[in-house]
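A.B. asks: Residue numbering for the sequence shown follows the working numbering, beginning at 82 and increasing consecutively. Just dropping this structure here.
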Amino acid sequence: MKKILLICFLLVSLGSFAQIEKAIPEKPNPPRLVNVFVPGFLTAEQTAALEAKLIAYDDSTSNQIAIVVVDDLKGYSAGDYATALGRKWGVGNKNFDNGVVLLVSTGGGDGNRDAFIAPGYGLEGRITDLLAQSIVDNEMIPDFKAGNYYRGLDQAVDAIIKAAEGRYKAPAGYGSRKGKGVSPLLVIILVIVLVALFSGGGGGGGYMSRRGYRGWTGGWIGGGGGGWSGGGGGGGFGGFGGGGFGGGGAGGKW
């Protein structure tokens, strides 16, 4: 019974991912960290400034933050879309799973546009759902509503970097707020796996987190040591490294 349930879980997961993967843009070639698929959302100068900042951060820490702006989520939730994009593109290093997808969708009209921050497995311990929600609500959406998209993205990047280093704090009282955008598909998958894991015999080699099943590999928490200085150096972006994502993160509407 346990094996049957695990097979069902794998089939559901693979089928769902295959469907949403079709809605995700292809990985950019040449590779870029700032990917704007909505004309006019940022100027060329603003895009270049963000790209330079993210390349410098990648060079100095190996953490990769990918900014992706689309005009349509193809019917998927922002969380599912951001997670699937992170997996398809392989944002982050495959050994550390230290990528972050900063997703913005301009579709839906006022009050229904999306912003979402999805950290890879290795950064979920630092960029928690609560902090991701705080960054979206306090660093991004106010400027987005005012039409200052560059400022909102730039502030969000700074906050994500601080969070990865353990230096970003949500405003006082923010902990009482609930996260948003829990995926129904994720809940169904978790139920299937929980039943499979706790029915029948033992066996080891893995554990269950609220974001899915993982082997005993652990995750790398970025930002150790002295922190990111923001210094320059290095050339262009060398490409994504195959990082993994488990469905964490949070977002909001604007």
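Every residue gets a Cβ at the ideal spot worked out from N, C-alpha and C, and that includes glycine.
Thinking G206 and L154 are a contact (beta carbons under 8 angstroms), I'd like their distance in whole angstroms, please.
C.D. replies: Walking along the sequence shown from the start, residue 206 turns up at place 125. Walking along the sequence shown from the start, residue 154 turns up at place 73. With 8 angstroms as the limit, G206 and L154 do not qualify as a contact, their Cβ atoms being about 27 angstroms apart.
A.B. asks: Short of 6 angstroms in beta carbon distance, which residues of its chain neighbour I244, apart from the five on each side in sequence? Order them along the chain.
C.D. replies: Position 163 of the sequence shown, counting from 1, holds the residue named residue 244. Residue 244 is actually Ala in this sequence, not Ile. Taken in chain order, the residues that qualify are R207, I208 and L212.
A.B. asks: Provide the residue span of the beta strand (DSSP E) that contains I198, from first to last.
C.D. replies: Taking the first residue of the sequence shown as position 1, residue 198 is located at position 117. Residues D195 to P200.
A.B. asks: Taking the C-alpha atoms as reference points, what is the distance between I198 and N179?
C.D. replies: Reading the sequence shown from its first residue, position 117 is the one you call residue 198. Reading the sequence shown from its first residue, position 98 is the one you call residue 179. Near 13 angstroms, if we compare the C-alpha coordinates of N179 and I198.
A.B. asks: Is the beta carbon of V330 less than 9 angstroms from the beta carbon of P223?
C.D. replies: For the purposes of this step, residue 330 is taken as residue 249 along the sequence shown, with counting starting at 1. For the purposes of this step, residue 223 is taken as residue 142 along the sequence shown, with counting starting at 1. According to the sequence shown, residue 330 is Gly rather than Val. Their beta carbons are not under 9 angstroms apart, which means G330 does not touch P223 by this criterion.
A.B. asks: What are the boundary residues of the alpha helix (DSSP H) that K169 is part of?
C.D. replies: Along the sequence shown, one-based indexing puts residue 169 at 88. Counting along the chain, the alpha helix (DSSP H) containing K169 begins and ends at A159 to W170.
A.B. asks: Between V176 and T142, what straight-line distance do the alpha-carbon atoms span, to the nearest angstrom?
C.D. replies: What you label residue 176 is simply residue 95 of the sequence shown in a count that begins at 1. What you label residue 142 is simply residue 61 of the sequence shown in a count that begins at 1. Reading the sequence as shown, one finds Asn at residue 176 and not Val. Rounded to whole angstroms, N176 to T142 spans 13 angstroms at the Cα level.
A.B. asks: Would you say A253 and Y162 are within 9 angstroms of each other, going by their C-beta atoms?
C.D. replies: For the purposes of this step, residue 253 is identified with residue 172 of the sequence shown, where counting begins at 1. For the purposes of this step, residue 162 is identified with residue 81 of the sequence shown, where counting begins at 1. Cβ atoms of A253 and Y162: not closer than 9 angstroms.
A.B. asks: Answer with buried or exposed for K169, where buried requires no fewer than 16 other C-beta atoms within 10 angstroms of its C-beta.
C.D. replies: Indexing the sequence shown from 1 puts residue 169 at position 88. It is buried - the Cβ of K169 has at least 16 other Cβ atoms within 10 Å.
A.B. asks: Using a Cβ-Cβ cutoff of less than 7 angstroms, which residues in the same chain neighbour E102 once the five nearest sequence positions on both sides are dropped?
C.D. replies: Start at 1 with the first residue of the sequence shown, and residue 102 comes out as number 21. Answer for E102: A165 and K169, listed in chain order.
A.B. asks: Please return the same chain residues whose Cβ sits closer than 6 angstroms to the Cβ of A147, not counting the five positions on each side in sequence.
C.D. replies: For the purposes of this step, residue 147 is identified with residue 66 of the sequence shown, where counting begins at 1. For A147, where only same-chain residues beyond five positions count, the Cβ hits under 6 angstroms are L114, V172 and V182.
A.B. asks: Suppose you measure from the CA of G319 to the CA of G256; what does that come to, to the nearest Å?
C.D. replies: The count along the sequence shown starts at 1 and reaches residue 319 at position 238. The count along the sequence shown starts at 1 and reaches residue 256 at position 175. So the two alpha carbons sit approximately 38 angstroms from each other.
A.B. asks: Whole angstroms are fine: how far does the CA of F118 sit from the CA of G167?
C.D. replies: Taking the sequence shown and counting its residues from 1, the one referred to as residue 167 is at position 86. Taking the sequence shown and counting its residues from 1, the one referred to as residue 118 is at position 37. Looking at the two C-alpha atoms, the distance is approximately 16 angstroms.
A.B. asks: Per the DSSP calculation, N116 is bridged to which residue(s)?
C.D. replies: Here residue 116 corresponds to residue number 35 of the sequence shown, with the count starting at 1. Note: N116 sits in a beta bridge opposite V149.
A.B. asks: In or out: Y157 buried (at least 16 other Cβ within 10 Å) or exposed?
C.D. replies: Indexing the sequence shown from 1 puts residue 157 at position 76. Burial call: buried.
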